[in-house]
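Protein chains in written order, with this note's numbering: chain A, 921 to 1481; chain B, 61 to 513. See below for the structure under consideration.
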Amino acid sequence: MIQPAKPDLVTVNIDGQEIAVPKGTNVIEAARLVNVDVPHYCYHPKLSVAGNCRMCLIEMGLPAVDPATKAPVMDPATGKQKINWIPRPQIGCGTNVSPGLHIRTTSPMVKEAREGVMEFLLVNHPLDCPICDQAGECKLQEQATAYGRGYSRYIEEKNVKPKRTQLGPRVTLDDERCVLCSRCIRFSREVAKDDVLGFIDRGSHSTLTCFPGRQLENNYSLNTVDICPVGALTSTDFRFKMRVWFLKQTNSLDPESSAGANTTVWSREGVIYRITPRRNDEVNDTWMADSGRVLYKQVRTDTRLTAAKVRGASATLAAAVSAAAELLRAGGVAIVGSGRSTVEEQFLTRQLAAALGGVSINLVSRVGAGDGLLVSADRNPNVRGALVTGLVSALPSAQLAGLGAEIDAGRVRTVLAIGEDLAAAGLTAAQLAKVSVVCLGTHANPTSAAAQVLIPTLTVFEKSGTFVNQQFRLQKFAAAVPGPAGTTDDLAVLGQLVAALGGPAAADLAGVWTRLAAAVPALATVTFANLPETGLLLDPTPYAALPFVEGAGLHHSPAKA
Amino acid sequence: MSAPAQTRIIFQHIDEPGYTNDLACYVRHGGYEVLKSAVRRKPEELIDEVKKSGLRGRGGAGFPCGVKWGLVDRKSGKPIYLIVNADESEPGTFKDRYIIHQDPHQLIEGTMISCFANNVKQAYIYIRGEMPHGARILEKAIAEARAAGFVGPNILGTGYSCELFVHRGAGAYICGEETGLIESLEGKRANPRIKPPYFPAVLGLYQCPTIVNNVETLCHVKYIAQHGGAAFSQIGTPGNTGTRIFCVSGLVQRPGYYEFPAGKITLGQLLYDVCGGPLPGRTFKAVIPGGSSAKILRFGERFKGKRKVGAELVDYDWGVEDVPMDFDSLGMIGTMGGSGGVIVMDDSVNMVEALANINAFYAHESCGQCTPCREGSLWMKRITTRMVHGTARAEDAALLQGVADQIPGRTICAFGEACSWPTQSFMAKFGDEFRAYPETKKTPKPAEAAPLI
Chain A
921 MIQPAKPDLV
931 TVNIDGQEIA
941 VPKGTNVIEA
951 ARLVNVDVPH
961 YCYHPKLSVA
971 GNCRMCLIEM
981 GLPAVDPATK
991 APVMDPATGK
1001 QKINWIPRPQ
1011 IGCGTNVSPG
1021 LHIRTTSPMV
1031 KEAREGVMEF
1041 LLVNHPLDCP
1051 ICDQAGECKL
1061 QEQATAYGRG
1071 YSRYIEEKNV
1081 KPKRTQLGPR
1091 VTLDDERCVL
1101 CSRCIRFSRE
1111 VAKDDVLGFI
1121 DRGSHSTLTC
1131 FPGRQLENNY
1141 SLNTVDICPV
1151 GALTSTDFRF
1161 KMRVWFLKQT
1171 NSLDPESSAG
1181 ANTTVWSREG
1191 VIYRITPRRN
1201 DEVNDTWMAD
1211 SGRVLYKQVR
1221 TDTRLTAAKV
1231 RGASATLAAA
1241 VSAAAELLRA
1251 GGVAIVGSGR
1261 STVEEQFLTR
1271 QLAAALGGVS
1281 INLVSRVGAG
1291 DGLLVSADRN
1301 PNVRGALVTG
1311 LVSALPSAQL
1321 AGLGAEIDAG
1331 RVRTVLAIGE
1341 DLAAAGLTAA
1351 QLAKVSVVCL
1361 GTHANPTSAA
1371 AQVLIPTLTV
1381 FEKSGTFVNQ
1391 QFRLQKFAAA
1401 VPGPAGTTDD
1411 LAVLGQLVAA
1421 LGGPAAADLA
1431 GVWTRLAAAV
1441 PALATVTFAN
1451 LPETGLLLDP
1461 TPYAALPFVE
1471 GAGLHHSPAK
1481 A
Chain B
61 MSAPAQTRII
71 FQHIDEPGYT
81 NDLACYVRHG
91 GYEVLKSAVR
101 RKPEELIDEV
111 KKSGLRGRGG
121 AGFPCGVKWG
131 LVDRKSGKPI
141 YLIVNADESE
151 PGTFKDRYII
161 HQDPHQLIEG
171 TMISCFANNV
181 KQAYIYIRGE
191 MPHGARILEK
201 AIAEARAAGF
211 VGPNILGTGY
221 SCELFVHRGA
231 GAYICGEETG
241 LIESLEGKRA
251 NPRIKPPYFP
261 AVLGLYQCPT
271 IVNNVETLCH
281 VKYIAQHGGA
291 AFSQIGTPGN
301 TGTRIFCVSG
311 LVQRPGYYEF
321 PAGKITLGQL
331 LYDVCGGPLP
341 GRTFKAVIPG
351 GSSAKILRFG
361 ERFKGKRKVG
371 AELVDYDWGV
381 EDVPMDFDSL
391 GMIGTMGGSG
401 GVIVMDDSVN
411 MVEALANINA
421 FYAHESCGQC
431 TPCREGSLWM
441 KRITTRMVHG
451 TARAEDAALL
461 QGVADQIPGR
471 TICAFGEACS
481 WPTQSFMAKF
491 GDEFRAYPET
501 KKTPKPAEAA
511 PLI
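Next up, the structure:
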C-alpha cells in the first residue's frame, strides 16, 4: 500500500480547544473534528462554497504581530501571543484554517448573528412542518430549535410562491420552503454536469426554476432532494408517503452496477419506502443514481416467487433441495452463477461445484454504457467477487453461447441457475426444454417456468452479504426487510445443497465467513462483523490482466493497459 | 460666510455654451493631448503619479485608487482587465451620467491612460441598463476615438493596443457592486462574490486580475496624468485630495451638480450659499450627504470630538452646517461621503414616509443571494409600508431597529450596510417621529407636503 502523503498540519484553536488540521480545511470541518457544530445550510462538503446562507458566522481572531518587526505581540496577562479578534463575524464555510487561527462559536456576537439569520430565514417560510416531508430531517427545524427565538416578530404578509412545481419526472419543488441556498444548482452544475437549475427574480422573491425548455431529468436529480436542507425539493415518489421518524435505516449498497454506491434503505414494518445515498468518500461521496433508488419496488411485485416447487407441484424446501440434489448427482451438470450474487453465495457455489466435480461454471455478463459517475459499464455488482472467491477466473462472456452448444450436443443435461434467467442470457426455449433446470430465483421468468425444481430466494434488500465493487473494495450490506413467506435466503439454500451433495454442513453468514477466510487468502483476516461500513480495499493486482469493461467514474479510473 | 468658487476640473468645459460631446469639440479644447503624452511615458511613472495624488475612489467607498492599482496581481501572467463602473444607481447620485452625456471623451481618455498605466489590453465600460442614451453616446464616442487612433490596435502608433467596449447593465442596483458587476459582465446574475477568495485585483473578470474604477475617478486620472499627482494633491485637503462633484437633490432652491475641492466647502455653504437654501417658508430638517445609503444627518445635532489637523489633534464641535464635505470628516460624524449624492429634506417631509421610500428601493434591489439582506430589506420595507399605508403601531419603531441591527456586517457585500444604515440612522435621529407616527397619521397632512409615492 502506498501511504498518502502526510498533509501539512495547521494548529487552530476552536472554543479553547487546540487541534491540528490539514491545511485548506475550512472552519466548519475543523470544528467538526473537535465535536463543535457550526450550523449551516448552503455549505456542503462535496460542493463549492457559496457562502450565502450566513448561518455559519463565527468570530475569528488571528495572532497579533508587530506590523514593523513581524515579531509576535505577547499578551502580558496570559503570557501567550495576543489575539486580534475581527470585530465582525466571518463565514465558517469560506474561512480556511491558518496557523494560530482562533475561532469562537459560542460568543454573544455569534449567538446574536445566528439568531438573526434564523429569524430571517423563517419570516417568509410557510412553517408547514405538519404536512412537510422534510419534517424530522430538516435543518431549518433543527436549527430553529437550537438557535431560534421561539417566537415570531413578523406580522406582515408572507411571500407567496409556487407550491408544487414539477422540476422533472422525479422531483417536486415547493418554492415557499426554499431558503435559496443554491446547493441543488451547484450539484447540477458541478457533479451531475447538467446545468439546468437557476434562480429567477430578485431578493426575497427569488424562485428556483429550470432553464426554459429544460427539465431536471438527469439520472442524479434525486440527489438534489437529499441535499436540500429544507423541504423545498421533495421526491415525487416518496412525497406524502411516510413520516421519516417512523423509518428504520439499514446500510445497503446500490446493486445496479459495479460502482457499488453505498446506500441507506428506509423501511417500516417490512416495507421499504425509499433509498438514499450513504456517504463514503472513497466510493460515492454523498451521491447515488436515481435508477438505484427505485430498485426497492422489485421487492413487492406480483411476479415474486413465493413457493418452492418440484416439477410444477408445490413442495417443502427440504423436498425441493433433495430433488435438486438428485438431479445434480445424476451428472452432466452446468452451473449458471451470477455476478449479482453475494461473495458468500459465490463461495458456496464454488463449493457446490467442487462437491459435484467437473462441472462447467458460467456467469452472465451485463454490460451497458457507463455514465462516468456512479453507474458503471458492468451492471453486475459483484463480478469481482466471483474472481476473488475463485468461482471464475475469467470475465463472463456476452451470451451463454458455449453452454447452448453443450446442451445441443447433449453433454449438459442439468442446469443450475442461481438468480439468473437463462432465456434472457441467450438460451433458447428448445434448449431449456432439453435440460432439467434447477432454478434459484426471486421473480417469475421463463427459467422459473421451465424449472424442474424451483426454490424462491431473496432480493438484495432482504438478505445480508458482501459485494466487491469496481475498485476491488469489499463492501457489506444488511437485510432491510424480511423476505415474503415461502422464500429462503440464497445462502441457506446453497448451504443445504452443498451439504446434500456431501460437502460441509450448512452454516449461517458468520460460519460461511469462517470458511471463506480459511479458503481465500485475500480474505484471511476478514469476518462479516469486522468489515468496516466503508468497505475494505482488496489487492487488485492478481486480476490486472483481465479486460474489465468499466470506464472512468467517480473515484474510479480504470487500470492503464 | 460665503461659499468658495467652484473648482471645475471634470466640469471644466461641461455646460460651456457651444461645448458638444463629439470628438472634434473635445480635441478643439485640447482633448487627447494628455493621452498622447502619457503613452510616451513609463507605465510605472503614471501609477506612481496616481499613488502620489492620493486620489480616492469616487464610487462610494473612497478607497485610494493608487492602492487599488497596487493590489493588482501582475505576476500571474493572466491578462489584466479594467472595468469602468458606470452603473450609477445610488439614489441621489447622477454625476456619472452627466459626465457621460456631456463629455464622454474625457472618460475615454482617462480610461485609456489608466489602461496604459496598468498594461490593460481590454477594458469595458459597464453602463447602467437604464441609461440607453448614455450607452449610445459612448458607443459613438468610442467609434470616433477608435477612428482617430486613441482606442483599439496600435494606439497613436506606439504599438500599444487596447480595446474598449460598452456593456449595458442588467438593470439592477447590485450590478454596481464591483464583484456583482463582474458576474453580470460575465453574463450571469449579478450576485456579488465572496471575499476571500474573489478579490477583483486577483480573481476578477474571467478569474483574471481586474481593476474596477468609477467614472469620476478615471476622469481624475486624466488630470493627474496631465498635471502630476503632486498638483492634484494640492487641491482639496490632505487625505481628501482633488475635487468632488456633489449632486444636490431634494427640497432646496437650486439643486444640481457642483464641483468643489474636497473638504474646502462645508455642508452649510453648499446648501445655503451654493444651492440657495431651503424653499420659501421652509427650514431644512435633514440631509443625507452621500447617496441614500449614507446615514442621515439631522439639522440641529452637534458633533464633538477630536480630529487630526496636520500632526495635532484638535477639538471640533460642529453642527450639520459646519461639516467639511470630505470622506474623513463625514466619516468622523458617523456618515459617509459616499457617491456625493446630497439629498435634502425640509420640515414638510415626514421621516417615516421618507424611510418607507428608501426601504422600498432597497427591498426591490437586494439580489437575494444572502439571507440577512434578502429577508431583512423586504421585512423593513413591509414594516414601513404598513406604517404609511396601513396600520402603524407604536412598537414598530423598536421592531424596525431590531431588524436593521441584524443585517450589517453579516452579508456578502456592502448592500447589507446600504440597506440597513438608513433605517438605523433614521431611528437614531428621528425615533420620536416613528414612535409618534400612529398619532401623526390621525391628523391631516399639511398642504405643502410632498405626495407619497
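Where is the CB? At the ideal position from N, CA and C, for every residue including glycine.
At a cut-off of 7 Å between beta carbons, A/Gly-971 contacts chain B. Selection B/Ile-140, B/Gly-231, B/Gly-91 and B/Glu-148 evaluated against B/Gln-267 yields B/Ile-140 as nearest (Cα-Cα).
Going by DSSP, A/Ala-1419 is part of no beta strand (DSSP E) but of the alpha helix (DSSP H) stretching over 1410-1420. Within the region 421-436 of chain B, Ala-423, His-424, Glu-425, Ser-426, Cys-427, Gly-428, Gln-429, Cys-430, Thr-431, Pro-432, Arg-434, Glu-435 and Gly-436 place their CB atoms closer than 8 Å to a CB of chain A, listed in sequence order. Close CB contacts of A/Lys-1002 within its chain, under the 6 Å cut and outside five residues either way in sequence, are with Ala-984, Val-993 and Asp-995 (chain order).
Under the three-state reduction of DSSP output, A/Ser-1234 falls in the strand class.
Within the region 1079-1102 of chain A, contact with chain B at the beta-carbon level (separation under 7 Å) is assigned to Leu-1100.
In this structure, A/Val-1401 sits near A/Ile-1192, with a CB-CB distance shorter than 7 Å. For A/Lys-1396, there is no enclosing alpha helix (DSSP H); the enclosing beta strand (DSSP E) covers residues 1393-1397. Straight-line measurement puts the Cα of A/Pro-1149 at about 33 Å from the Cα of A/Ala-1449. DSSP places B/Arg-358 in the strand class (E or B) of the three-state scheme. When beta bridges are read from the DSSP output, A/Met-994 appears opposite A/Gln-1001. Contact between the region 145-156 of chain B and the region 171-184 of chain B is absent, with fewer than three C-beta pairs closer than 8 Å.
Assignment of beta-bridge partners to A/Gln-937 by DSSP yields A/Ile-934.
For the region 1295-1355 of chain A, the full-length alpha helix (DSSP H) segments reaching 4 residues or more read 1303-1308, 1321-1328 and 1349-1354 along the chain. A contact is defined here as three or more CB-CB pairs under 8 Å, and the region 1273-1287 of chain A meets this definition with respect to the region 1238-1257 of chain A. The way I'd put it, the region 1202-1212 of chain A doesn't touch the region 1315-1322 of chain A; fewer than three beta-carbon pairs between them come closer than 8 Å. Fully enclosed beta strand (DSSP E) runs of no fewer than 3 residues occupy 1253-1257 of the region 1247-1281 of chain A, in order along the chain.
The Cβ-Cβ distance between A/Met-975 and A/Pro-987 does not fall below 7 Å. Cβ-Cβ distances below 6 Å link A/Ser-1356 to Leu-1247, Thr-1334 and Gln-1372 in the same chain, with the five nearest sequence neighbours on each side left out; the list follows chain order. Think of a sphere of 8 Å around the beta carbon of A/Gly-1123: the chain B residues whose beta carbon falls inside it are Ala-423, His-424, Glu-425, Ser-426, Cys-427, Gly-428, Arg-434, Ser-437 and Leu-438, in chain order. Cβ-Cβ distances below 7 Å link B/Ile-254 to Ile-472 in the same chain, with the five nearest sequence neighbours on each side left out; the list follows chain order. Taking C-beta atoms as the reference points, B/Leu-438 and A/Arg-1073 fail to come closer than 7 Å.
With fewer than three CB-CB distances shorter than 8 Å, the region 374-384 of chain B does not count as touching the region 433-450 of chain B.
Secondary structure at B/Phe-387: helix, using DSSP grouped into helix, strand and coil. Interface criterion met: the Cβ of B/Leu-459 is under 7 Å from a Cβ in chain A. Residues of chain B with a Cβ closer than 8 Å to the Cβ of A/Arg-1220 do not exist, since the nearest Cβ in that chain sits about 43 Å away. At a cut-off of 7 Å between C-beta atoms, B/Gly-469 counts as an interface residue with respect to chain A. At a cut-off of 7 Å between C-beta atoms, A/Glu-979 does not count as an interface residue with respect to chain B. For B/Asn-273, the enclosing beta strand (DSSP E) covers residues 270-274. Our two residues, A/Ala-1419 and A/Asn-946, have alpha carbons roughly 57 Å apart in a direct line. Here the alpha carbons of B/Leu-115 and B/Gly-122 stand approximately 9 Å from one another. Using a Cβ-Cβ distance cut-off of 8 Å, the region 1264-1274 of chain A and the region 1429-1436 of chain A are in contact, since at least three pairs of beta carbons, one from each stretch, lie closer than that value. Classified as buried, B/Lys-355 has 16 or more neighbouring CB atoms from the shown chains inside 10 Å of its CB. B/His-424 sits in a helix when the DSSP states are folded into three classes.
Residue A/Ala-1399 holds the alpha-carbon nearest to the alpha-carbon of A/Thr-1170 among A/Pro-1462, A/Ala-1399 and A/Ala-1425.
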